[in-house]
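Residue numbers (my numbering), protein chains in the order written: chain A, 1 to 114; chain B, 115 to 226.
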């Protein structure tokens, strides 16, 4: 069990550019979650997948954001036309079908939009 | 909607001191309650949980009791260590949802 991994750990981009983040969950976990965390705040839910199906999206997930989990394993989160307000830590978590209440978090990707 | 309120940090203590981090919640249903811990440079880890009133969750010397009458889930530890320095998040999850609602987090700094 290598835990949840995220890549890259840090990303600096200019406003208006597109960015893509990757999350690799724990291998036997069927649920995968994306959160955003800003300084001094707790994680805020963005979206989650059960296998390859995207089952729920937050109103925080504007039309510039898109997430995929094409084969039910790794997931990507893309932000198009980045804005300075997108600067945050993006967290990924996964959980097993039998213990769905226990989410295992990755270390996060810190995005800075200049 | 659901919400979680935690005491402001940072909480600064000397090693072996008693710790309390307050957490209160507002929920429409009958939620499960959690404490997560985030060590520097790492992801959040589930520390303990409680699923019904009067349940006590415990792990690594930390405890929290689900108090429905006061809608609280305060985190306590009898004797903190320098290695407990981290950010602690209180969270709730409604029974009908897979998604937890987190508080803002409370930073704990323990000095030798």
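Idealized CB from N, CA, C, for every residue including glycine.
Anything in chain A within Cβ reach of residue 213/B, meaning under 8 Å, just list it in chain order.
Locating residue 213/B in the second chain gives position 99, counting from the first residue. Under the 8 Å cutoff, chain A gives 33, 45, 48 and 56.
Just to check my reading of the structure: residue 133/B and residue 149/B have Cβ atoms closer than 8 Å, yes? What is that Cβ distance to the nearest angstrom?
To locate residue 133/B, count along the second chain from 1; it is residue 19. To locate residue 149/B, count along the second chain from 1; it is residue 35. Contact flag wrong, Cβ pair sits at about 12 Å.
Count the other CB atoms, across all protein chains shown, that sit within 10 Å of the CB of residue 17/A; report buried if there are 16 or more and exposed otherwise.
Here the question's residue 17/A lines up with position 17 in the first chain. Classification of residue 17/A: exposed, given that the 10 Å Cβ count is below 16.
Please check the pair residue 113/A and residue 68/A, which I expect to be a contact at CB under 8 Å, by giving their CB distance rounded to whole angstroms.
Within the first chain, the letter at position 113 stands for residue 113/A. Within the first chain, the letter at position 68 stands for residue 68/A. Wrong, their Cβ atoms sit about 22 Å apart, outside the cutoff.
Within 10 Å of its beta-carbon, does residue 124/B have 16 or more other beta-carbons around it, so buried, or fewer, so exposed?
As a working note, residue 124/B is residue 10 in the second chain. With fewer than 16 other Cβ atoms within 10 Å, it is exposed.
In the structure shown, what three-state DSSP assignment does residue 194/B receive?
The residue you call residue 194/B lines up with position 80 of the second chain. Of the three classes helix, strand and coil, the one that applies to residue 194/B here is coil, per DSSP.
Is residue 155/B helix, strand or coil when you go by DSSP?
For the purposes of this step, residue 155/B is taken as the residue at position 41 of the second chain. Note: residue 155/B maps to coil in three-state DSSP.
Can you say whether residue 15/A is buried or exposed, counting buried as having 16 or more other CB atoms within 10 angstroms of its CB?
Here residue 15/A corresponds to residue number 15 of the first chain, with the count starting at 1. Under this definition residue 15/A is an exposed residue.
In this structure, does DSSP put residue 85/A in helix, strand or coil?
Taking the first chain and counting its residues from 1, the one referred to as residue 85/A is at position 85. Correct three-state label for residue 85/A: helix.
Closest by CA to residue 159/B, which one among 93/A, 110/A and 99/A?
Here residue 159/B is taken as the residue at index 45 of the second chain, counted from 1. Of the listed residues, the one whose Cα sits closest to residue 159/B is 93/A.
Quick check: the stretch 175-184 of chain B against the stretch 96-114 of chain A, are at least 3 beta-carbon pairs closer than 8 Å?
Taking 8 Å as the limit for Cβ pairs, the verdict is that the stretch 175-184 of chain B does not touch the stretch 96-114 of chain A.
Is there contact between the stretch 209-219 of chain B and the stretch 135-155 of chain B, where contact requires at least three CB pairs shorter than 8 Å?
Yes: at least three Cβ pairs fall under 8 Å.
Name the chain B residues that come within less than 9 Å of residue 91/A, Cβ to Cβ?
On the first chain, position 91 is the one that residue 91/A refers to. The answer, in chain order, is 157 and 158.
Using a Cβ-Cβ cutoff of less than 7 Å, which residues in the same chain neighbour residue 88/A once the five nearest sequence positions on both sides are dropped?
Start at 1 with the first residue of the first chain, and residue 88/A comes out as number 88. Cβ neighbours of residue 88/A beyond the five flanking positions: 36, 37, 38 and 111.
Identify every residue that forms a DSSP beta bridge with residue 67/A.
Reading the first chain from its first residue, position 67 is the one you call residue 67/A. Residue 67/A pairs with 77/A.
Tell me whether residue 215/B sits in a helix, a strand or coil according to DSSP, three-state version.
Along the second chain, one-based indexing puts residue 215/B at 101. Correct three-state label for residue 215/B: strand.
Can you name the residues of chain B whose CB is closer than 7 Å to the CB of residue 40/A?
Residue 40/A sits at position 40 when you count from the first residue of the first chain. In chain order: 218.
I'd like the span of the beta strand (DSSP E) that includes residue 173/B, first residue to last.
The residue you call residue 173/B lines up with position 59 of the second chain. Looking at the DSSP string, the run of the beta strand (DSSP E) that includes residue 173/B is 170-173.
Whose CA, out of 194/B, 209/B and 168/B, lies closest to the CA of residue 222/B?
The residue labelled residue 222/B in the question sits at position 108 within the second chain. Among 194/B, 209/B and 168/B, the Cα nearest to that of residue 222/B is on 194/B.
I believe residue 56/A touches residue 213/B by the beta-carbon criterion, under 8 Å. Please report the beta-carbon distance rounded to the nearest angstrom.
Taking the first residue of the first chain as 1, we reach residue 56/A at position 56. Taking the first residue of the second chain as 1, we reach residue 213/B at position 99. Indeed they touch by this definition, with Cβ atoms about 7 Å apart.
Please identify the residue among 19/A, 20/A and 24/A whose C-alpha is closest to the C-alpha of residue 5/A.
As a working mapping, residue 5/A is identified with position 5 in the first chain. When only C-alpha atoms are compared, the closest one is 24/A.
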